[in-house]
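Chains as they are written, first to last, in this note's numbering: chain V, 583 to 926; chain Z, 583 to 926.
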DNA sequence: GCCGCTTACGAAAACGGTTTCGTGTTAATA
DNA sequence: TATTAACACGAAACCGTTTTCGTAAGCGGC
């Protein structure tokens, strides 16, 4: 087992000082040509690599960024993460991931853990519980310490920092508008129970589209499901008892499940009922029929967040009056079989 | 912007030495009660937290583990990752993720990056390209330096280290056996193009089951698809031209796609053709019909890998003759609609 | 022979902790 | 009263780098 070699070892072995070795390896002008060659050859031979931790301590920069997300087994977050990882890696950063599991406490613990020197900045999407509690002191502490923070998707107005979101309201509005344009009139909405602000915004867009086209807003046609638990009975009852010719769902899981239910009830998709979901993932592409879906461009979102963060991290030089941006990524509707054709 | 406070600040402010502060905060017996209280109160007031980097440098332990996986937008790896993250977090470790993107070079670069002090150990699944090249020098270097390594799923015999795999051959064998037991006789296989050893093992199990039941082995009934690109024409031709009454697929994406194709060709699932896939993910649960699938217990796998790694990391005390284990997780078949009923 | 300049290198501080080993003060003991 | 042990704290080394500053040696010029 050959242990890692350090500057000290090289110095001792070659009978020079540590500083000389350090400079020689950086090809400093200060060191004589022959000494440099001798040291560099030795270092190469023994495969010397500087210790990241020591360098981090010295420069007070870790080249690590912390990512805290509510869930990792979730297509959208995974996609965003890929965008972050790709960009960060290209810039020489590593990514430490913590999963808050939608829990406020875990989010707080993870942030505190990482904030003590482990990372140069945070990228995160808020846990559902955090949004519910509306308690953002852990975020405030971090930003007050001068640690850059970028929020994405699940954001809050309470914190001043960079943000990346999609135009949820608008995207839902446009999706419903499309349904109306194709002749649908009784449009249902399947959303989550309350607290997620993205769902709320999509719901707003849905209402706005109905209103603007003079369609009645029927609370009856809105189904609220628990976020991550299954509640098939509730859905089945909803689709059996209500009549509709189109459905907008705030995620693709709700959409695919709902499609399955109505199909079992003997309805045809899209002939009897059209479907549009959010999050254009693998489910949308592989369901039968394939699902029209609002693509949130997760990878772009991740890349954007990483770009903003690293920009802030590297321009730490007395930032001229903190200026924060909110970038809005335009979601786009990907049309597939579940909305084919026009009624009438 | 209140900067992070250090021992030095506290020492200066309270007019004691740094060592006294350090000891007082650890509640050392050495320090007088009143001094301790004064220091602790001050530290609490200013929210002192020790700097992780400094501690890492001192103990030569980072409390970070490095995870290198080929892909993150992939249900199985994501699930394993969740298992790793949960266990690691519970043990006070953070996880640094790097995505090799199936590329040998990226795998090498990421490993070298992390191996220079950033992590205490590695958990990884080999990139496809690495398995193709059969070049594991980067892994050897790491293990020779005494850095613990645990391989999972995509492993190699070339490297001596802890491993976690599932019984791929056996699982495929049992799946096919089940199909045969329910009366199926012409069983096709949809697998990947060559190099992935997990696919190879599943293929072996498929063949063994056929042989043991005296069924003819028909190379015609084996479809090889490129790993991550779409090739729908090839699949369509395959299912149009061949006749079969059951299909085993080495992953759930192939399975769901194939089901879609045969359904469009007018066949009924499971009446005409039964399907079994590998990787029991969201697709299996939500496809129509729902897909019978081999559950690889990714989360358990991740947890197991993390447990083995941390065990090695923390018992670094002159490990009594390196002893490495290979744990085998038993996959289990989850039966759903796509294999319902018996033929005859 | 002395001054001053360049060249080539080393000493030491610093990053933020932990830990070992003194050491001065006080109180108990002979 | 002198010895000693307990107590409470500080100095300094160390982890592995980087970087500033100091300086010895060598040399040319006067």
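Idealized CB from N, CA, C, for every residue including glycine.
{"Asked": "Could you tell me which residues DSSP pairs with residue 831 of chain Z in its beta bridges?", "Found": "Z/772"}
{"Asked": "Can you find a C-beta in chain V that's less than 8 Å from the C-beta of residue 710 of chain Z?", "Found": "no"}
{"Asked": "Quickly, what does DSSP pair residue 860 of chain V with across the bridge? List them, please.", "Found": "V/876"}
{"Asked": "Quick check: the region 735 to 748 of chain V against the region 714 to 727 of chain V, are at least 3 beta-carbon pairs closer than 8 Å?", "Found": "yes"}
{"Asked": "Below 8 Å on the Cβ atoms is my contact criterion, and I expect residue 705 of chain Z with residue 888 of chain Z to pass it. Report the Cβ-Cβ distance as a whole number of Å.", "Found": "7 Å"}
{"Asked": "Since residue 699 of chain Z meets chain V, which of its residues come closer than 7 Å, beta carbon to beta carbon?", "Found": "633, 634, 635"}
{"Asked": "CA-CA distance, residue 833 of chain V and residue 918 of chain V?", "Found": "16 Å"}
{"Asked": "Output needed in chain order: residues of the region 662 to 674 of chain Z with a Cβ under 8 Å from some Cβ in chain V.", "Found": "663, 664, 667, 668, 671"}
{"Asked": "Determine, using beta carbons only, whether residue 751 of chain Z comes closer than 8 Å to chain V.", "Found": "no"}
{"Asked": "Look up residue 744 of chain V in the DSSP assignment and say whether it is helix, strand or coil.", "Found": "strand"}
{"Asked": "In this structure, does DSSP put residue 641 of chain Z in helix, strand or coil?", "Found": "helix"}
{"Asked": "The beta strand (DSSP E) spanning residue 909 of chain Z covers which residue range?", "Found": "908 to 911"}
{"Asked": "What is the residue span of the alpha helix (DSSP H) that residue 676 of chain Z lies within?", "Found": "Element bounds for residue 676 of chain Z: not the alpha helix (DSSP H) but the beta strand (DSSP E), 676 to 681."}
{"Asked": "Roughly how many angstroms lie between the CA atoms of residue 674 of chain Z and residue 758 of chain V, to the nearest whole one?", "Found": "47 Å"}
{"Asked": "What residues in the region 842 to 857 of chain Z have a beta carbon less than 8 Å from any beta carbon of chain V?", "Found": "842, 845"}
{"Asked": "If you draw a straight line from the alpha carbon of residue 791 of chain V to that of residue 865 of chain V, how long is it in whole angstroms?", "Found": "26 Å"}
{"Asked": "Taking Cβ-Cβ distances shorter than 8 Å, what residues in chain Z pair up with residue 638 of chain V?", "Found": "635"}
{"Asked": "Taking only beta-carbon positions, decide if residue 732 of chain Z is within less than 8 Å of chain V.", "Found": "no"}
{"Asked": "Report yes or no: is there a C-beta of chain V within less than 8 Å of the C-beta of residue 680 of chain Z?", "Found": "yes"}
{"Asked": "For residue 966 of chain Z versus residue 678 of chain V, is the C-beta spacing smaller than 8 Å?", "Found": "Chain Z is shown from 583 up to 926; residue 966 of chain Z falls before or after that span and cannot be answered."}
{"Asked": "Who are the Cβ neighbours of residue 860 of chain Z in its own chain at under 6 Å, not counting the five residues just before and after it?", "Found": "832, 833, 876"}
{"Asked": "Apply the 10 Å Cβ neighbour rule to residue 657 of chain Z and answer buried if 16 or more other Cβ atoms are within range, or exposed otherwise.", "Found": "buried"}
{"Asked": "In the DSSP assignment, the alpha helix (DSSP H) including residue 598 of chain Z goes from what residue to what residue?", "Found": "Element bounds for residue 598 of chain Z: n/a, residue is neither H nor E."}
{"Asked": "Between the alpha carbons of residue 806 of chain Z and residue 849 of chain Z, how many angstroms are there, rounded?", "Found": "21 Å"}
{"Asked": "Are the C-beta of residue 695 of chain V and some C-beta of chain Z separated by less than 8 Å?", "Found": "yes"}
{"Asked": "How many Å lie between residue 685 of chain Z and residue 808 of chain Z at the Cα?", "Found": "16 Å"}
{"Asked": "Tell me the rounded alpha-carbon separation between residue 646 of chain Z and residue 891 of chain Z.", "Found": "11 Å"}
{"Asked": "Counting contacts by CB-CB distance shorter than 8 Å, is residue 726 of chain V in contact with chain Z?", "Found": "yes"}
{"Asked": "Just by C-beta distance, which residues in the region 865 to 890 of chain V are closer than 8 Å to chain Z?", "Found": "865, 868, 869, 870"}
{"Asked": "Using a Cβ-Cβ cutoff of 8 Å, what residues of the region 638 to 658 of chain Z are near chain V? List them in chain order.", "Found": "638, 639, 644, 646, 654, 655, 657"}
{"Asked": "Does the distance from the CB of residue 858 of chain V to the CB of residue 761 of chain V come in under 8 Å?", "Found": "yes"}
{"Asked": "According to DSSP, which residues form a beta bridge with residue 705 of chain Z?", "Found": "Z/649, Z/732"}
{"Asked": "Do residue 787 of chain V and residue 754 of chain V have their CB atoms nearer than 8 Å?", "Found": "yes"}
{"Asked": "Quick check on residue 908 of chain V - is its C-beta less than 8 Å from some C-beta in chain Z?", "Found": "no"}
{"Asked": "With 16 as the cutoff for other CB atoms within 10 Å, does residue 683 of chain V come out buried or exposed?", "Found": "buried"}
{"Asked": "Along the beta strand (DSSP E) that carries residue 806 of chain V, what are the first and last residues, could you check?", "Found": "804 to 807"}
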